[in-house]
Amino acid sequence: MIRINENYLKLKASYLFADIARRVQAHQEAHPETEIIKLGIGDVTEPLPVACREAFHKAVDDLGCRESFHGYGPEQGYSFLRDAIAENDFQSRGADITADEIFVSDGSKCDSGNIQEIFAQDITIAVPDPVYPVYVDTNVMAGRTGSCVDGRYENLVYLESTPQNDYLPGLPEQSVDLIYLCFPNNPTGATATANQLQQWVDYARGNKAIILFDAAYESFIRDDSLPHSIYEIEGARETAIEFRSFSKNAGFTGTRCALTVVPKELMARDSNGVAQSVHALWSRRQSTKFNGVSYPVQKAAAAVYSKAGRREIAQLTDYYLGNARIIREKMTARGLTCAGGENSPYIWINTGGDSWEFFDLLLNKAGVVCTPGVGFGNCGQGHIRLSAFNKRESIAEALERISSVL
Ligand code: MLT
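Counting with the numbering used here, you get residues 2 to 407 for the letters of the sequence shown.
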């Protein structure tokens, strides 16, 4: 008799953004006249950069003739892209990462969800609260947690991000093995300084732990003093895996391309205490379960690093940051305390009331979709997240509508 993986029964009924989408659809069906403005899920609205589109078109044409046709590519990515990433994203910032430590993939969501497979079942895991739900859900599916009790899974260590600590979680008080961090943070928009990241790296070294560092929003950093990569921090090559994405900087949410960095020094122990290469394990996992990102998409991603591509990416991220600044200013003027929105496309707003009630208020009265903070964890209660990923006109309209109902 076929049976299910019962860990799935421990999950909340639906994924946060699927839940929101369903509520929005129901509202739209009941009120077809309302033009809903979506500032919920962080999905980009602006077109792909010209440099990427041109490279994309050319690569599709390459596939149209036998001499330049490409079938299966290398599972870990073409060297033209891995080389460009290593040089531009890491080496140029003093981070000693080589092309063969970069694994090109179809998304940071997939990679940050899949990576847990290569670690033991009985490790102790620390996650920030609030947190991107993928980190938690994938460990629930894998059976590393107990049940969800009052919004928190048993066996997870929650690191609280609150107004009191400026939404920067402190180090765990106990020894943990795997730590999920995200800076600039989703959902709070908080950023971490080099000194703060150094404390995490030192903690991980001291506890033989690994940090999973999600840097999907690094291209929104404008403060030159802030690190973009954890590998700018001493000791991180022995302690951290980093996830990056072309979704939010270059508009690839639909196109799909991302990367994961696993340094060769990074080790984890087997049950005999023997150090095993995490790079080798991830490579093994990917070559069995993944067949690489398509050639045209990788060509389009590589164009991000051309002169024209870099200029366009800066314009795109500046545009969304301009939206973020406007949201933050308007919400602050309404007397609400905001985090993020600087060096980050997300504005984390302390409404003081129930998150879902505020979500309903904005949807029903203003026709604006936000993300209820509690959907990211208990500490998100009393907050909502507004995303700056939308057209400037829609942002202005949404803010007017929100102002009129507050
Ligand atoms: C978000 O809104 O948190 C992100 O768009 C989710 C994602 O990138 O998967």
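Glycine included, C-beta positions come from ideal geometry on N, C-alpha and C.
Please read these numbers as outputs of a predicted model, since none were measured by experiment.
Which of helix, strand or coil DSSP assigns to residue i
| i | result |
| --- | --- |
| M2 | coil |
| S284 | helix |
| R335 | coil |
| Q277 | strand |
| V1 | Residue 1 falls outside the range modelled here, since the chain spans only 2 to 407, and no answer is possible. |
| I222 | coil |
| Y296 | helix |
| N344 | coil |
| P185 | coil |
| V158 | strand |
| C149 | strand |
| H58 | helix |
| E36 | coil |
| P164 | helix |
| D215 | strand |
| T372 | strand |
| V262 | strand |
| H28 | helix |
| S109 | helix |
| S272 | coil |
| E358 | helix |
| R326 | helix |
| D257 | The amino acid at residue 257 is misidentified as Asp; the sequence shows Arg. The answer is coil: DSSP assigns R257 none of H, G, I, E or B. |
| D130 | strand |
Residue i beta carbon near the ligand ZN (any heavy atom closer than 7 angstroms)
| i | result |
| --- | --- |
| N187 | Looking for the ligand ZN in the displayed structure turns up nothing; the ligands present are the ligand MLT. |
Neighbour flag for residue i against chain D, beta carbons, 8 angstroms
| i | result |
| --- | --- |
| S69 | Given the protein chain composition of this structure (a single chain), no chain D is represented. |
Cβ neighbour criterion (16 or more within 10 Å) applied to residue i
| i | result |
| --- | --- |
| T338 | exposed |
| Y218 | buried |
| N166 | exposed |
| E34 | exposed |
| Y9 | exposed |
| D130 | buried |
| Y154 | buried |
| C66 | exposed |
| N344 | buried |
| R245 | buried |
| M332 | buried |
| I5 | exposed |
| L49 | buried |
| P188 | buried |
| I3 | exposed |
| S248 | buried |
| N273 | exposed |
| S220 | buried |
| G95 | exposed |
Alpha-carbon to alpha-carbon, residue j and residue i
| i | j | result |
| --- | --- | --- |
| T372 | A251 | 23 angstroms |
| R326 | A340 | 11 angstroms |
| F91 | I98 | 6 angstroms |
| V158 | S230 | 24 angstroms |
| F390 | L40 | 7 angstroms |
| T261 | G353 | 37 angstroms |
| R311 | Q287 | 29 angstroms |
| S307 | A52 | 8 angstroms |
| Y296 | R402 | 44 angstroms |
| L83 | L407 | In the sequence on display, residue 83 carries Arg and not Leu. Near 48 angstroms, if we compare the C-alpha coordinates of L407 and R83. |
| R270 | V279 | 9 angstroms |
| D151 | G293 | 40 angstroms |
| S284 | F104 | 8 angstroms |
| G374 | S356 | 6 angstroms |
| A303 | Y79 | 10 angstroms |
| L182 | E358 | 29 angstroms |
| A309 | A301 | 12 angstroms |
| T240 | I21 | 36 angstroms |
| E243 | Y347 | 20 angstroms |
| N156 | S109 | 25 angstroms |
| I212 | A205 | 7 angstroms |
| K13 | E30 | 25 angstroms |
| L282 | T289 | 11 angstroms |
| H58 | S93 | 29 angstroms |
| S113 | L179 | 12 angstroms |
| F214 | E102 | 15 angstroms |
| F81 | T318 | 24 angstroms |
Anticipated Cβ contact below 8 angstroms, residue i with residue j, distance rounded
| i | j | result |
| --- | --- | --- |
| G383 | N351 | 6 angstroms |
| S405 | G43 | Actually they do not touch by this definition, with Cβ atoms about 25 angstroms apart. |
| R145 | I126 | 6 angstroms |
| T194 | L160 | So it is not a contact: roughly 17 angstroms between Cβ atoms. |
| V298 | R257 | 6 angstroms |
| I38 | E398 | 6 angstroms |
| G342 | G190 | 6 angstroms |
So, do the stretch 232–246 and the stretch 184–201 have three or more beta carbon pairs nearer to each other than 8 angstroms?
Three or more beta-carbon pairs separated by less than 8 angstroms link the stretch 232–246 to the stretch 184–201, which places the two stretches in contact.
Does the count of Cβ pairs from the stretch 132–140 and the stretch 10–17 closer than 8 angstroms reach three?
Contact between the stretch 132–140 and the stretch 10–17 is present: 3 or more CB-CB pairs across the two stretches fall below 8 angstroms.
Inter-stretch contact (C-beta, 8 angstroms, three-pair minimum) for the stretch 318–335 and the stretch 68–79
In this structure the stretch 318–335 does not touch the stretch 68–79; the number of beta carbon pairs closer than 8 angstroms is below three.
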